[in-house]
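Student:
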Amino acid sequence: MAVLSYIEAVNQAIREEMERDPRVFVLGEDVGRKGGVFKATQGLYERFGGERVIDTPLAESAIAGVGIGAAMYGMRPIAEMQFADFILPAVNQILSEAARIRYRSNNDWNCPIVIRAPYGGGIHGALYHSQSVEAIFANQPGLKIVMPSTPYDVKGLLKAAIRDEDPVLFFEHKKAYRLIKGEVPEGDYVLPIGKADIKREGEDITVITYGLCVHYALKAAEKLEEEGISVHLLDLRTVYPLDQEAIISAAAKTGKVLLVTEDNKEGSVMSEVSAVIAENCLFDLDAPIRRLAAPDVPAMPFAPTMENYFMISPEKIEQAMKDLAEF
Amino acid sequence: MNKSRHEKLGLSDKQVLDMYETMLLARKLDERMWLLNRAGKIPFVISCQGHEAAQIGAAYALDKERDYILPYYRDMGVVLVFGMTPEELMLSAYAKADDPNSGGRQMPGHFGQRKNRIVTGSSPVSTQIPHAAGIALGAKLEGKNSVAFVTLGDGSTNQGDFHEGANFAAVHKLPVIIMVENNKYAISTPAEKQFACKNLSDRAVGYGMWGVTVDGTDPLAVYEAVRQAAMRARDGEGPSLVETVLHRITAHSSDDDDRSYRTRDEIEQARAMDPIASFRKYLFENGVLDERKDQEITDRVMKTVNNATEYAEKAPYAKPEDALKHVYYE
Ligand SMILES: Cc1ncc(C[n+]2csc(CCOP(=O)(O)OP(=O)(O)O)c2C)c(N)n1
Chain A
1 MAVLSYIEAV NQAIREEMER DPRVFVLGED VGRKGGVFKA TQGLYERFGG ERVIDTPLAE
61 SAIAGVGIGA AMYGMRPIAE MQFADFILPA VNQILSEAAR IRYRSNNDWN CPIVIRAPYG
121 GGIHGALYHS QSVEAIFANQ PGLKIVMPST PYDVKGLLKA AIRDEDPVLF FEHKKAYRLI
181 KGEVPEGDYV LPIGKADIKR EGEDITVITY GLCVHYALKA AEKLEEEGIS VHLLDLRTVY
241 PLDQEAIISA AAKTGKVLLV TEDNKEGSVM SEVSAVIAEN CLFDLDAPIR RLAAPDVPAM
301 PFAPTMENYF MISPEKIEQA MKDLAEF
Chain B
1 MNKSRHEKLG LSDKQVLDMY ETMLLARKLD ERMWLLNRAG KIPFVISCQG HEAAQIGAAY
61 ALDKERDYIL PYYRDMGVVL VFGMTPEELM LSAYAKADDP NSGGRQMPGH FGQRKNRIVT
121 GSSPVSTQIP HAAGIALGAK LEGKNSVAFV TLGDGSTNQG DFHEGANFAA VHKLPVIIMV
181 ENNKYAISTP AEKQFACKNL SDRAVGYGMW GVTVDGTDPL AVYEAVRQAA MRARDGEGPS
241 LVETVLHRIT AHSSDDDDRS YRTRDEIEQA RAMDPIASFR KYLFENGVLD ERKDQEITDR
301 VMKTVNNATE YAEKAPYAKP EDALKHVYYE
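Residue numbers (our numbering), protein chains in the order written: chain A, 1 to 327; chain B, 1 to 330.
1. Measuring only the C-alpha atoms, how far is Leu11 of chain B from Arg232 of chain B?
2. Helix, strand or coil, according to DSSP, for Phe48 of chain A in the structure here?
3. Restricting to Cα atoms, I'd like to know which of A:Pro89, A:Ser249, A:Ile123 and A:Ile68 is closest to Ala98 of chain A.
4. Please list, in chain order, all residues of the same chain as Arg88 of chain B whose beta carbon is under 6 Å from its beta carbon, the five residues on each side excluded.
5. Could you give the residue range of the alpha helix (DSSP H) that holds Met90 of chain B?
6. Listed from N- to C-terminal order along the chain, which residues in the stretch 34-52 of chain A have their beta-carbon within a distance smaller than 7 Å of any beta-carbon of chain B?
7. Can a CB atom of chain A be found closer than 9 Å to the CB of Val147 of chain B?
8. Can you round the beta-carbon distance between Phe111 of chain B and Val66 of chain A to whole angstroms, since I take them to be within the 8 Å contact cut?
9. Could you tell me how far apart the beta carbons of Ala9 of chain A and Val154 of chain A are, in whole angstroms, since I believe they sit closer than 8 Å?
10. According to DSSP, Val150 of chain B sits in a beta bridge with which residue or residues?
11. Can you confirm whether Val66 of chain A, when its beta carbon is compared against all beta carbons of chain B, has any partner nearer than 9 Å?
12. By alpha-carbon positions, which one of B:Met76, B:Lys14 and B:Asp63 ends up nearest to Ala26 of chain B?
13. Cβ atoms of Ile312 of chain A and Leu363 of chain A: under 9 Å apart, would you say?
14. Identify every run of the beta strand (DSSP E) within the stretch 54-103 of chain A, keeping only runs that are complete inside it and at least 3 residues long; order them along the chain.
15. List the endpoints of the continuous beta strand (DSSP E) containing His232 of chain A.
16. Since Phe25 of chain A meets chain B, which of its residues come closer than 7 Å, beta carbon to beta carbon?
17. Just tell me which of B:Gly104, B:Ala170 and B:Asp265 has its CA closest to the CA of Pro320 of chain B.
18. Is Lys199 of chain A near Gly120 of chain A, with beta carbons less than 9 Å apart?
19. Say the cut is 8 Å; is the CB of Ser254 of chain B nearer than that to a heavy atom of ligand 1?
20. If the cut is a Cβ gap below 8 Å, which residues of chain B does Gln93 of chain A touch?
21. As a quick exercise: from A:Leu179, A:Gly228 and A:Leu95, pick the residue whose alpha carbon is nearest that of Gly142 of chain A.
22. Could you name the residues of chain B that Gly32 of chain A contacts, counting a contact when the two beta carbons are closer than 8 Å?
23. Who are the Cβ neighbours of Pro57 of chain A in its own chain at under 7 Å, not counting the five residues just before and after it?
24. Give me, in chain order, the residues of the same chain whose beta-carbon lies closer than 7 Å to that of Glu224 of chain B; leave out the 5 immediate sequence neighbours on both sides.
25. Provide the residue span of the beta strand (DSSP E) that contains Lys199 of chain A, from first to last.
26. For the stretch 138-155 of chain A, which residues have a CB atom closer than 9 Å to at least one CB atom of chain B, in sequence order?
27. Tell me whether Arg20 of chain A sits in a helix, a strand or coil according to DSSP, three-state version.
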């Protein structure tokens, strides 16, 4: 098996899907000639031409809206938002249109679009190049939100998203793009959207998280292993709709649950995970549910001191795990 | 003998009579819906009255077998031409289960019917302009010669999505026709508080597309403009902006009372410029229509309206738990 970086897995998934299905095409700002500001679409313009790798005007609502139109027509658009932060001008198109098209037409029309966007901090991106925006979309039935952590998951889930009959938001952690590498099978495979994945089996405490924080939690878990604390780690992979069954069984397994997100704590995806556990696991819990998240300030500051203060780190997770284990 | 205007446009007597009948049908369906609303039988009406000439003139200039339409809420005339039946429109007014637009999920006027390439629409105005560009892009990528025809009101041209969609279509020379139905009001707000340009079609220059302003009470003028826009679109010359100027004969909707912002005089003037009356006059003057034929047409239309009403009134609602269906692919 080849070892790929996270962003290479993105690129490979798109390339293979474009080879497989002529209806698949890419549109976004600077995705063509330049291959994207992060190079996620590198080489696709050369391979597939400007007709299928479209450099759009700088207008996010049109990127989403034109993609939605093309998806309703029967194409399989992959729209790129240059940064998740700049998805906001397109929110109306995503919520009022993409998410509701099947439902509002009573199943007559559908909207198989993928909207990819790099999210997340720790890259000196300051307020508007660091945000986690999933919570804005994570209460909208009709949408699916995938946030993979490993290159293997990226490739299998992005392919599944492109083949999905409904709109999928695919958020890629930009710090993971080159930091995270992993084995990825050469051939074609898809992973199920809506299924969480156990990334580590353990007995003492359960950690539930997604995205880059999965790697931080794995690191912290290895440290705790040396101290004799065994960590069970569930990677949500899809943050909407949630894999409730996996959440409930992971929580029940150890009775002590730590939920980790890089997003602001208040109203985050983890607030919902916490509610699912509270509703279903009262008699299995041996400690109050804990959440480790960013502070409730508007977004991530630029200066390294404040950025580090805001960001989740393996050390912060390790400390939170210890506290929980000792409860 | 001098050719009549419609003959010069290549339209036969039968075709213009057909257009007239469809205009009348739209009007009579709409009037019936108001009665039903005032009788407490249907919750909401948003009217096509005063817009029929523009809607039917435009729709006749399109190819019903391959073009896509993205209508806005007033476009009953457009969807009638594209194959939605009076029964189906009434089912939608009554929010009944067999409403093809939404199965009774959306308010009336939120059109959509895949088999007739009527693209599903929502309530936030102008989101359909980028969709039209996307539909046209899809057709272009597949090498199909389909045109995407999208409409909106004058107030709605101020939304960002109007600009984003128009610009995208122009940059990529997509086969899109954007038709504004300018009734000079957005609910109560008059056009002069909406935009400062003389004609909305002036904006076409800024997008690098073809634009024209026509009399929206004249179906033949609109037919001609949209036909030209469609020809340009099919010849690869890109999108067009067609502004039709017309009058809203009713209040904005059944929930609005326009007496608070329009004088009686003004409302009477709007009624006096009724596009159906002027087209009838044209057809009489050109010997295409006479009293007997007109009565025949009216009788047929009224029978259709009555049957559609009766049919929809008797049709069942969706089951309560049907509200849970069709969130995702099943
Ligand atoms: C984004 C958005 N804002 C507000 C409304 C409420 N609204 C519905 S119709 C309308 C007026 C639209 O006027 P215009 O575009 O001129 O079309 P007309 O109704 O006159 O045909 C408004 C404000 C809406 N539907 N969508």
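Positions of the beta carbon are idealized from the N, C-alpha and C atoms, including for glycine.
Tutor: Taking the structure as given:
1. Counted from its first residue, the second sequence places residue 11 of chain B at position 11. Counted from its first residue, the second sequence places residue 232 of chain B at position 232. So the two alpha carbons sit approximately 20 Å from each other.
2. Within the first sequence, residue 48 of chain A is the residue found at index 48, counting from 1. Three-state result, Phe48 of chain A: helix.
3. Sequence index remark: in the first sequence, residue 98 of chain A carries index 98 (1-based). The residue with the shortest Cα to Cα distance from Ala98 of chain A is A:Ile68.
4. Residue mapping note: residue 88 of chain B aligns to position 88 of the second sequence, counting from 1. Checking the sequence, you will find Glu at residue 88 of chain B rather than Arg. If we look at Glu88 of chain B and ignore the five residues flanking it on each side, its Cβ neighbours are Pro100.
5. Locating residue 90 of chain B in the second sequence gives position 90, where the first residue counts as 1. Here the alpha helix (DSSP H) through Met90 of chain B covers Pro86 to Ala93.
6. Answer in chain order: Glu51.
7. In the second sequence, counting from the first residue as 1, residue 147 of chain B sits at position 147. With 9 Å as the cut-off, Val147 of chain B does not count as an interface residue toward chain A.
8. By 1-based counting over the second sequence, the position of residue 111 of chain B is 111. By 1-based counting over the first sequence, the position of residue 66 of chain A is 66. That pair is no contact at about 20 Å.
9. Taking the first sequence and counting its residues from 1, one reaches residue 9 of chain A at position 9. Taking the first sequence and counting its residues from 1, one reaches residue 154 of chain A at position 154. Confirmed, about 4 Å.
10. The sequence position of residue 150 of chain B within the second sequence is 150, counting from 1. Bridge partners of Val150 of chain B: B:Leu70 and B:Ile178.
11. Taking the first sequence and counting its residues from 1, the one referred to as residue 66 of chain A is at position 66. Closer than 9 Å: yes.
12. Residue 26 of chain B sits at position 26 when you count from the first residue of the second sequence. For Ala26 of chain B, the nearest C-alpha among the options comes from B:Met76.
13. Outside the shown range of chain A, which is 1 to 327, sits residue 363 of chain A, and nothing can be said about it.
14. 76-80
15. As a working note, residue 232 of chain A is residue 232 in the first sequence. Per DSSP, His232 of chain A belongs to the beta strand (DSSP E) from Val231 to Asp235.
16. Taking the first residue of the first sequence as position 1, residue 25 of chain A is located at position 25. Result: Leu141.
17. Your numbering for residue 320 of chain B matches position 320 in the second sequence. Among B:Gly104, B:Ala170 and B:Asp265, the Cα nearest to that of Pro320 of chain B is on B:Gly104.
18. Working through the first sequence from its first residue, we reach residue 199 of chain A at position 199. Working through the first sequence from its first residue, we reach residue 120 of chain A at position 120. Not closer than 9 Å, so no.
19. In the second sequence, counting from the first residue as 1, residue 254 of chain B sits at position 254. Checking the Cβ of Ser254 of chain B against ligand 1 gives no.
20. Within the first sequence, numbered from 1, the residue matching residue 93 of chain A stands at position 93. Near Gln93 of chain A (Cβ distances below 8 Å), the residues of chain B are Thr127, Pro130 and Asp161.
21. By one-based count along the first sequence, residue 142 of chain A stands at place 142. The residue with the shortest Cα to Cα distance from Gly142 of chain A is A:Leu95.
22. As a working mapping, residue 32 of chain A is identified with position 32 in the first sequence. Chain B residues near Gly32 of chain A: none, gap ~13 Å exceeds 8 Å.
23. The residue given as residue 57 of chain A occupies position 57 in the first sequence. Cβ within range, chain order: n/a, list empty.
24. Start at 1 with the first residue of the second sequence, and residue 224 of chain B comes out as number 224. Answer for Glu224 of chain B: Leu9, listed in chain order.
25. Position 199 of the first sequence, counted from the start, is the residue given in the question as residue 199 of chain A. Asp197 to Arg200 is the span of the beta strand (DSSP E), which, as asked, contains Lys199 of chain A.
26. Flagged, chain order: Pro141, Gly142 and Lys144.
27. Taking the first residue of the first sequence as 1, we reach residue 20 of chain A at position 20. Note: Arg20 of chain A maps to helix in three-state DSSP.
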